[in-house]
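Residue numbers (our numbering): 18 to 442. All C-beta atoms in this analysis are idealised placements derived from N, C-alpha and C, irrespective of residue type, glycine included. Predicted model, so just to flag it, every value in this text is computed and none were measured. Here is the structure we will look at.
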Amino acid sequence: MQHPAATGASLLDWLAWQESLNPAEIDLGLDRVRQVWERLHIQPPEGRVLTVAGTNGKGSTVAAVSAVLAANELRTGVYTSPHLVRYNERIAIAGRPASDAAIVSAFERIEAVRGDIPLTYFEFGTLAAFCCFSEAHCDAWVLEVGLGGRLDAVNIVDADVALITTVDLDHQAWLGDDIETIAREKAGILRRGKPAFYGDTDVPESVQAHAADLDAQLRVLSVDYSLTRADYSWSWQGHDERIEGLAIPPGGAAQLRNQALALAAVEACDPALLDVLRAEPDLLAAVLPPGRMQRHDDAHCWLLDVAHNPQAGAELADALREHPPETVVLGMLKDKKAADFVAALGVTPQRWLLCPTDGPRGASAAELAELLELHPAPRRFPGVAAALEAARDGTPAGGNILVCGSFSVVGPALDWLGLYSADTG
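Structure representation (structure tokens):
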């Protein structure tokens with residue numbers, strides 16, 4: 018494939034070239050990407066780099082953190098992955114996806130200094146995000162770890178505040194086969210003497226031990242910060258600050274924990290940043306990234322969620338109690354615990370519609386059906402659109418339709434339903 022820098026290539030051309038350059042989808046390690054990072058001479062904003070790791074809830078936590086920072090008129094750069102529809106979603110500045118031109122310019126800057134150092138698709142994207150944030154003079158960076166933490170490309174930047182949402186079994190081929198080993202990988206984002214937050218009450222021993230080794234200020238839900246839910250609002254108590262009368266977000270208890278974690282991290286940056294929530298207690302009421310507990314009402318009630326592991330399935334089940342689905346559209350990657358996810362979901366729909374997922378880790382509808390014992394017997398479809406059409410046509414008017422299992426299912430569903438905006442992701 019011809020080098021894109023020599024042809025005035027488009028963003029899509031650059032992405033295709035990157036995939037051909039290093040076909041490894043995941044190649045953990047920081048030596049290569051750190052060498053290129055050092056050649057770029059980018060200076061992150063002092064005191065305002067927040068890095069978020071965890072098995073589930075990263076995207077929602079990132080969204081809450083960035084919403085509070087933006088409400089304080091801080092120009093915020095947000096890096097997340099994977100994307101749902103367009104690559105540009107991964108790199109957002111002041112609430113808007115970066116333009117094709119900005120990302121291409123970043124790739125050109127990286128390529129000018131890379132030399133013969135191989136980079137993966139994800140590493141190119143991570144460095145491009147940092148280039149875009151630097152060019153835009155962002156006041157704060159909010160970074161979502163792609164996989165694990167210790168060896169993830171995001172970790173080349175020192176976090177001023179480290180957040181770990183939850184830890185559960187996922188990506189065992191890369192992170193380890195037990196909770197403690199996986200948790201230690203995620204704790205790799207902690208920095209010596211810096212504040213770190215854990216978004217649940219049961220903290221793995223490996224996280225506690227690593228924090229102690231670094232003299233990091235580990236703060237834990239229900240110990241160092243807390244939340245209290247009332248019928249129509251919730252209250253948050255931090256290290257010094259307290260906020261009452263906050264609007265309850267959609268998504269059940271998991272979203273409350275995510276938002277409480279986000280507020281604790283913001284307090285560690287600057288307690289004064291929380292004043293906006295006293296003035297606007299509804300600020301975070303609808304702050305969820307696309308595809309997370311996203312509801313759409315037309316002739317049916319659609320619920321779209323990228324949940325794809327057992328822990329996320331259980332959290333989604335909590336949110337589904339008031340809206341049990343009559344139809345489920347499901348697609349999952351081969352390396353996910355599909356049977357455990359469905360068991361955790363605990364739904365009994367009238368129809369299961371299975372569709373394929375893309376990429377080398379993708380599973381066909383037939384492969385997915387072999388992994389699951391579903392009742393009634395599932396129907397299989399060659400693509401997401403066909404499954405969605407069948408869901409629309411086969412579900413009675415007013416019925417609930419759940420779409421879940423993978424970014425590569427929920428993303429096309431958002432586009433198919435007309436819910437995707439290129440301006441906001």
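Of the candidates A360, R51 and L278, L278 places its Cα closest to the Cα of T182. The straight-line gap separating the alpha-carbon atoms of C148 and H154 is approximately 10 Å. DSSP links I418 through a beta bridge to W319 and T344. Bounds of the beta strand (DSSP E) holding I260 are R259 to L263. Note: L238 is bridge-paired with Y242 in the DSSP secondary-structure output.
The three-state reading of DSSP puts D314 in strand, counting E and B together.
Within the region 82-135, complete beta strand (DSSP E) segments of at least 3 residues are found at 93-96 and 108-110, given in chain order. Counting other Cβ atoms within 10 Å of its Cβ, D322 reaches 16 or more and is therefore classed as buried.
Between the alpha carbons of A394 and G348 lies a gap of roughly 15 Å. Between L370 and L101 the beta-carbon gap is near 20 Å, outside 8 Å, which marks them as no contact. Taken in chain order, the complete alpha helix (DSSP H) segments of 4 residues or longer contained in the region 362-441 are 382-388, 401-411 and 424-433.
Here V420 is not near V359, since their CB atoms are 7 Å or more apart.
By the neighbour-count criterion, in which a residue is buried when 16 or more other Cβ atoms sit within 10 angstroms of its Cβ, Y249 is exposed.
In chain order, P114 and A115 place their CB closer than 6 Å to the CB of N105, counting only its own chain and leaving out the 5 sequence neighbours on each side.
The shortest C-alpha to C-alpha distance from P377 to any of E406, T412 and S425 is the one to S425. At the C-beta level, N326 and T78 stay beyond 7 Å of one another. Contact between V85 and L294 holds: their C-beta atoms lie close to 7 Å from each other, under 8 Å. In the same chain as F141, and ignoring 5 residues on each side of it, the C-beta atoms closer than 7 Å to its own belong to Q35, F124 and I127, in chain order. Secondary structure at P221: coil, using DSSP grouped into helix, strand and coil. Of the candidates S151, T143 and Q367, S151 places its Cα closest to the Cα of Q60.
Judged by DSSP in its simplified three-state form, I181 adopts strand. In the three-state DSSP reduction, Y138 falls in the helix class (H, G or I).
The count of Cβ pairs closer than 8 Å, one atom from the region 170-181 and one from the region 202-219, reaches three, so the stretches are in contact. T198 carries a helical assignment under DSSP once its states are collapsed to helix, strand and coil.
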